[in-house]
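*Asks:* Numbering (numbering that gives the first Met the number 0), first residue to last: 0 to 398. Even for Gly, the Cβ is constructed at its ideal location relative to N, Cα and C. Remember, it's a predicted structure, so these values are computed and weren't measured experimentally. Below are the structure tokens for one structure; questions will follow.
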Amino acid sequence: MSYAPTLIDNVFGGIRPAARALNKAASTIQSWHETGTIPQKHWNDIIIAAAEFGHILTAESFFPLSPQVPAQHGYSFDKPHCLSITDFHRVDIENLLELGGHYLDLSVQKSTREGPLRGKTLVNLFFENSTRTEKSFELAGKRLGADVISMNIGSSSVKKGETLLDTATTLNAMNPDLLVVRHGASGAPALLAQKLSCAVINAGDGMHAHPTQALLDALTLRQKLQETGQKIDKRDIGGLRIAICGDILHSRVARSNVQLLNILGADLRLIGPPTLIPIGAENWGVDIFHDMETGLEGCDVIMMLRLQLERMNGAFVPSKREYYHYHGLTREKLAYAKPGALVMHPGPMNRGVEISSDVADDPEISLITRQVEAGVAMRMAILHALSEAQNRAQIKAAS
Ligand code: NCD
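Given below as structure tokens:
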């Protein structure tokens with residue numbers, strides 16, 4: 000998994016000799032050593048420099064042929080499901096992010112050689128519409144070698160409760176190994192996890208949780224921070240002030256991100272009109288603001304959220320126009336945050352409602368396209384980790 004330290008130590012004889020041979024700052028080599036991976040744009044230079052040290056490297060030297068879920072100091076990922084961030088300890092999250100980073104580095108590859116999910120069946124069960132999440136799980140499953148079936152069930156044709164249990168019975172007969180489920184009712188994936196014998200992954204349930212989105216957001220941020228080459232101690236998410244803005248009340252993305260970013264130690268803020276801040280949010284480990292000017296002060300990262308009109312049964316904002324005026328992220332409001340602050344959005348975006356196009360489309364500050372890219376890598380990591388945990392549990396049960 001962490002190939003970089005081995006390569007730096009065995010080929011070049013350590014960080015300093017590697018820095019000299021590659022004509023790079025020792026801090027850069029040290030960051031590769033610590034993160035375990037080397038950005039692809041440097042591979043060519045390294046292959047050339049290594050030849051002078053008598054080592055013949057190829058592109059494959061930069062990723063292990065059979066990626067492994069990290070297992071250090073007796074730790075191994077043993078969670079049977081991915082239902083909520085609260086099910087994970089920090090070590091699980093760090094390891095999932097590390098594996099996600101590995102798959103992000105490999106994204107040039109169309110599929111992994113070994114196909115760690117070969118022979119497994121992944122069922123995608125979406126009771127609510129999705130573009131990014133469903134397609135990225137489908138792609139992730141295929142890249143890992145699984146057989147993937149996607150069942151798109153229009154929300155209107157399905158009633159909650161009994162129908163969900165009926166669906167569970169049907170699914171059990173199909174014998175999937177992994178089930179990705181999105182449902183309008185909070186707790187639906189947890190209910191399926193109780194009824195089925197496969198690993199269940201929550202791809203968004205009501206307003207409750209969207210753990211894989213929070214993980215991919217963290218992966219996107221980490222990757223960006225690593226590239227900016229700041230000092231290592233300041234590079235981590237724990238050193239950042241992050242604002243989550245907009246319709247927090249109806250957002251499962253906000254809830255999962257608050258949980259994850261709190262575990263990683265970020266300084267968190269929620270910004271939104273009082274009608275869109277949930278009751279009790281003051282106990283979530285965040286500071287709450289109602290106006291963008293004070294809320295964005297000193298922020299390194301701004302996560303914007305969609306106004307989730309489909310979940311609103313009443314008027315929560317006077318009009319979209321007024322909402323944009325007070326809470327939409329424009330260049331003017333961005334100036335309240337730290338210079339160079341990064342902008343994120345889980346999508347789908349409503350341009351001119353929560354965000355202006357010039358902010359969303361500015362590649363210098365917007366991470367929105369990168370979030371989609373990281374989505375596939377992070378979901379590969381989650382599927383891989385759950386599948387290995389499942390294999391270990393099955394071997395244990397059989398012995
Ligand atoms: C989010 C969702 O479905 O919760 N989108 C996503 O997964 N990319 C956010 C949203 O719908 O606004």
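Near residue 349, what residues of its chain come up, given a Cβ to Cβ distance below 7 Å and the 5 sequence neighbours on each side ignored?
*Replies:* Here the question's residue 349 lines up with position 350 in the sequence shown. If we look at residue 349 and ignore the five residues flanking it on each side, its Cβ neighbours are 305 and 306.
*Asks:* Taking all protein chains shown into account, decide if residue 308 is buried (16 or more other Cβ within 10 angstroms of its Cβ) or exposed.
*Replies:* Residue mapping note: residue 308 aligns to position 309 of the sequence shown, counting from 1. The residue is exposed, with fewer than 16 neighbouring Cβ atoms inside 10 Å.
*Asks:* Please return the same chain residues whose Cβ sits closer than 8 Å to the Cβ of residue 129, not counting the five positions on each side in sequence.
*Replies:* Within the sequence shown, numbered from 1, the residue matching residue 129 stands at position 130. Excluding sequence neighbours, residue 129 sits near 181, 202 and 203.
*Asks:* Give a single yes or no on whether residue 249 has its beta carbon closer than 6 Å to a heavy atom of the ligand NCD.
*Replies:* Position 250 of the sequence shown, counting from 1, holds the residue named residue 249. Outside the cutoff, so no.
*Asks:* Comparing C-alpha positions only, which one of 343, 389, 200 and 194 sits nearest to residue 301?
*Replies:* Taking the sequence shown and counting its residues from 1, the one referred to as residue 301 is at position 302. Selected option, being the one with the closest Cα: 343.
*Asks:* What do you reckon, is the C-beta of residue 345 under 6 Å from a heavy atom of the ligand NCD?
*Replies:* Taking the sequence shown and counting its residues from 1, the one referred to as residue 345 is at position 346. Within the cutoff, so yes.
*Asks:* Please report how far the alpha carbon of residue 149 lies from the alpha carbon of residue 303, in whole angstroms.
*Replies:* In the sequence shown, counting from the first residue as 1, residue 149 sits at position 150. In the sequence shown, counting from the first residue as 1, residue 303 sits at position 304. If I take the Cα positions, the gap works out to 29 Å.
*Asks:* When you compare only the Cα positions, how much space is there between residue 230 and residue 278?
*Replies:* Against the sequence shown, residue 230 aligns to sequence position 231. Against the sequence shown, residue 278 aligns to sequence position 279. At residue 230 the pLDDT is 45, less than 50, meaning the model places this residue with poor confidence; the figure from the coordinates comes in the next sentence. Straight-line Cα distance between these residues: approximately 38 Å.
*Asks:* Alpha carbon to alpha carbon, what distance is there between residue 191 and residue 398?
*Replies:* Here residue 398 corresponds to residue number 399 of the sequence shown, with the count starting at 1. Here residue 191 corresponds to residue number 192 of the sequence shown, with the count starting at 1. So the alpha carbons of these two residues sit roughly 27 Å apart.
*Asks:* Return the CA-CA distance between residue 225 and residue 105, expressed in angstroms with no decimal places.
*Replies:* Counted from its first residue, the sequence shown places residue 225 at position 226. Counted from its first residue, the sequence shown places residue 105 at position 106. Taking the straight line joining both Cα atoms gives about 16 Å.
*Asks:* Should residue 198 and residue 383 be called a contact, given that it needs their Cβ atoms to be closer than 7 Å?
*Replies:* Here residue 198 is taken as the residue at index 199 of the sequence shown, counted from 1. Here residue 383 is taken as the residue at index 384 of the sequence shown, counted from 1. Not a contact, by the Cβ cut-off of 7 Å.
*Asks:* Counting Cβ pairs, one atom from each stretch, are 3 or more of them under 8 Å apart for the segment 212-226 and the segment 267-284?
*Replies:* The segment 212-226 vs the segment 267-284: no contact.
*Asks:* Would you list the residues sitting across from residue 350 in a DSSP beta bridge?
*Replies:* Walking along the sequence shown from the start, residue 350 turns up at place 351. BP columns for residue 350 point to 354.
*Asks:* For residue 345 versus residue 193, is the C-beta spacing smaller than 7 Å?
*Replies:* As a first step, residue 345 is located in the sequence shown; it is residue number 346 there, counting from the start. As a first step, residue 193 is located in the sequence shown; it is residue number 194 there, counting from the start. It is not a contact, given that the beta carbons lie outside the stated cut-off.
*Asks:* Taking 7 Å as the threshold (C-beta atoms), are residue 328 and residue 354 in contact?
*Replies:* Position 355 of the sequence shown holds residue 354. Position 329 of the sequence shown holds residue 328. Taking 7 Å as the Cβ cut-off, residue 354 and residue 328 qualify as a contacting pair.
*Asks:* Run through DSSP, which three-state label would residue 150 get?
*Replies:* On the sequence shown, position 151 is the one that residue 150 refers to. Residue 150 falls in the strand class under three-state DSSP.
*Asks:* On the premise that residue 152 lies in contact with residue 179, defined as a C-beta separation below 8 Å, what is that separation, rounded to the nearest angstrom?
*Replies:* Locating residue 179 in the sequence shown gives position 180, counting from the first residue. Locating residue 152 in the sequence shown gives position 153, counting from the first residue. Not quite, the Cβ-Cβ distance comes to about 13 Å (not below 8 Å), so this is no contact.
*Asks:* Do residue 127 and residue 183 count as a contact pair if the criterion is CB distance below 7 Å?
*Replies:* Here the question's residue 183 lines up with position 184 in the sequence shown. Here the question's residue 127 lines up with position 128 in the sequence shown. The answer is yes: Cβ separation under 7 Å.
*Asks:* Should residue 395 go down as buried or exposed, given a rule of 16 or more other Cβ atoms within 10 Å for buried?
*Replies:* Along the sequence shown, one-based indexing puts residue 395 at 396. Exposed, because fewer than 16 other Cβ atoms sit within 10 Å of the Cβ of residue 395.
*Asks:* Whose CA, out of 36, 254, 98 and 357, lies closest to the CA of residue 375?
*Replies:* Taking the first residue of the sequence shown as 1, we reach residue 375 at position 376. Of 36, 254, 98 and 357, the residue nearest in Cα terms is 98.
*Asks:* Taking the continuous alpha helix (DSSP H) assigned at residue 310, which residues delimit it?
*Replies:* Locating residue 310 in the sequence shown gives position 311, counting from the first residue. Where residue 310 is concerned, there is no enclosing alpha helix (DSSP H), given that its DSSP letter is neither H nor E.
*Asks:* By the DSSP assignment, the alpha helix (DSSP H) with residue 105 in it spans what residues?
*Replies:* Taking the sequence shown and counting its residues from 1, one reaches residue 105 at position 106. Where residue 105 is concerned, there is no enclosing alpha helix (DSSP H), given that its DSSP letter is neither H nor E.
*Asks:* In its own chain, which residues sit with a C-beta less than 7 Å from the C-beta of residue 377, not counting the 5 before and 5 after it?
*Replies:* Taking the sequence shown and counting its residues from 1, one reaches residue 377 at position 378. Taken in chain order, the residues that qualify are 99, 211, 214, 215 and 218.
*Asks:* Mind checking residue 380: buried by the 16 CB within 10 Å criterion, or exposed?
*Replies:* What you label residue 380 is simply residue 381 of the sequence shown in a count that begins at 1. That one is buried.
*Asks:* In this structure, how does DSSP classify residue 4 when only helix, strand and coil are distinguished?
*Replies:* Along the sequence shown, one-based indexing puts residue 4 at 5. Residue 4 falls in the helix class under three-state DSSP.
*Asks:* Could you check whether residue 258 and residue 85 sit closer than 7 Å to each other, using their CB atoms as the reference points?
*Replies:* Position 86 of the sequence shown, counted from the start, is the residue given in the question as residue 85. Position 259 of the sequence shown, counted from the start, is the residue given in the question as residue 258. It is a contact, given that the beta carbons lie within the stated cut-off.
*Asks:* Could you work out which residue in 13, 46 and 44 is closest to residue 30 when comparing CA atoms only?
*Replies:* The count along the sequence shown starts at 1 and reaches residue 30 at position 31. Of the listed residues, the one whose Cα sits closest to residue 30 is 13.
*Asks:* State the start and end residues of the unbroken beta strand (DSSP E) segment that holds residue 268.
*Replies:* Here residue 268 refers to the residue found at position 269 of the sequence shown. It spans 266-270 - the beta strand (DSSP E) in which residue 268 sits, taken as one unbroken run.
*Asks:* Closest to residue 4 by CA distance: which of 122, 61 and 44 is it?
*Replies:* Numbered from its first residue, the sequence shown carries residue 4 at position 5. Ranking the options by Cα distance to residue 4, first place goes to 61.
*Asks:* Could you tell me which residues DSSP pairs with residue 208 in its beta bridges?
*Replies:* For the purposes of this step, residue 208 is taken as residue 209 along the sequence shown, with counting starting at 1. For residue 208, which the question treats as bridged, DSSP gives the partners 204.
*Asks:* Going by DSSP in three states, residue 255 sits in which element: helix, strand or coil?
*Replies:* Working through the sequence shown from its first residue, we reach residue 255 at position 256. Here residue 255 sits in helix by DSSP.
*Asks:* Roughly how far, in whole angstroms, is the beta-carbon of residue 206 from the beta-carbon of residue 250, given that I think they are within contact range, below 8 Å?
*Replies:* Translated into the one-based positions of the sequence shown, residue 206 becomes position 207. Translated into the one-based positions of the sequence shown, residue 250 becomes position 251. Sure, about 7 Å apart at Cβ, within 8 Å.
*Asks:* Quick check on the burial criterion: 16 or more other C-beta atoms within 10 angstroms. Buried or exposed for residue 246?
*Replies:* Taking the sequence shown and counting its residues from 1, one reaches residue 246 at position 247. Burial call: buried.
*Asks:* By the 10 Å Cβ neighbour count, where 16 or more other Cβ atoms means buried, how is residue 140 classified, buried or exposed?
*Replies:* For this step, residue 140 is matched to residue 141 along the sequence shown. Result: buried.
*Asks:* Out of 265, 351, 114 and 169, point me to the one whose CA is closest to residue 235's CA.
*Replies:* The residue you call residue 235 lines up with position 236 of the sequence shown. Among 265, 351, 114 and 169, the Cα nearest to that of residue 235 is on 265.
*Asks:* With a threshold of 16 other CB atoms inside 10 Å of the CB of residue 365, please say whether the residue is buried or exposed.
*Replies:* If you number the sequence shown from 1, residue 365 lands on position 366. Burial call: buried.
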